[in-house]
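Just so we're on the same page, the numbering used here is the position in the sequence shown counted from 1, plus 36. Ideal placement from N, C-alpha and C gives every residue a C-beta, glycine not left out. Beneath this line is the structure, given in structure tokens, with notes to follow.
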Amino acid sequence: MHTTEIVKTQQASDEAVSVTIRCCADPKTDSALTVYGVAKLSADQMAQEIDKHHDRVAAKHAGMLSGKQHLASVNKKKEHKA
37 MHTTEIVKTQ QASDEAVSVT IRCCADPKTD SALTVYGVAK LSADQMAQEI DKHHDRVAAK
97 HAGMLSGKQH LASVNKKKEH KA
């Protein structure tokens, strides 16, 4: 189970907002999403974009942890015949 949260929001320009999302309170997972044309988006559309980014950040973090576990199970040393 991964928990994501918005840790930073800022106005990037007149028409853009940037949101930084973090997973499992790990700053290494911080990922920014910039949404352009915000004046033309409904609240539901904006929420959908941010929700999709929450999902991407959680999936990326899950992949990172899975990769670390896989690397830990691989032999650290291997002998080769010359």
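Item: What first and last residue would you give for the beta strand (DSSP E) that runs through residue 109?; Value: Note, residue 109: premise wrong, no beta strand (DSSP E); alpha helix (DSSP H) at 79-109.
Item: When you compare only the Cα positions, how much space is there between residue 87 and residue 115?; Value: 47 Å
Item: Per DSSP, what are the beta-bridge partners of residue 55 in this structure?; Value: 45, 69
Item: For residue 55 and residue 43, I'd like the C-alpha separation in whole angstroms.; Value: 8 Å
Item: Only counting the same chain, and skipping five residues up and downstream in sequence, which positions put a Cβ closer than 7 Å to that of residue 93?; Value: 40, 57, 59, 65, 67
Item: Thinking C-alpha only, which one of 95, 53, 97 is nearest residue 76?; Value: 53
Item: Classify residue 76 as helix, strand or coil using the three-state DSSP reduction.; Value: helix
Item: Measure the alpha-carbon distance for residue 51 versus residue 69 and round it to whole angstroms.; Value: 14 Å
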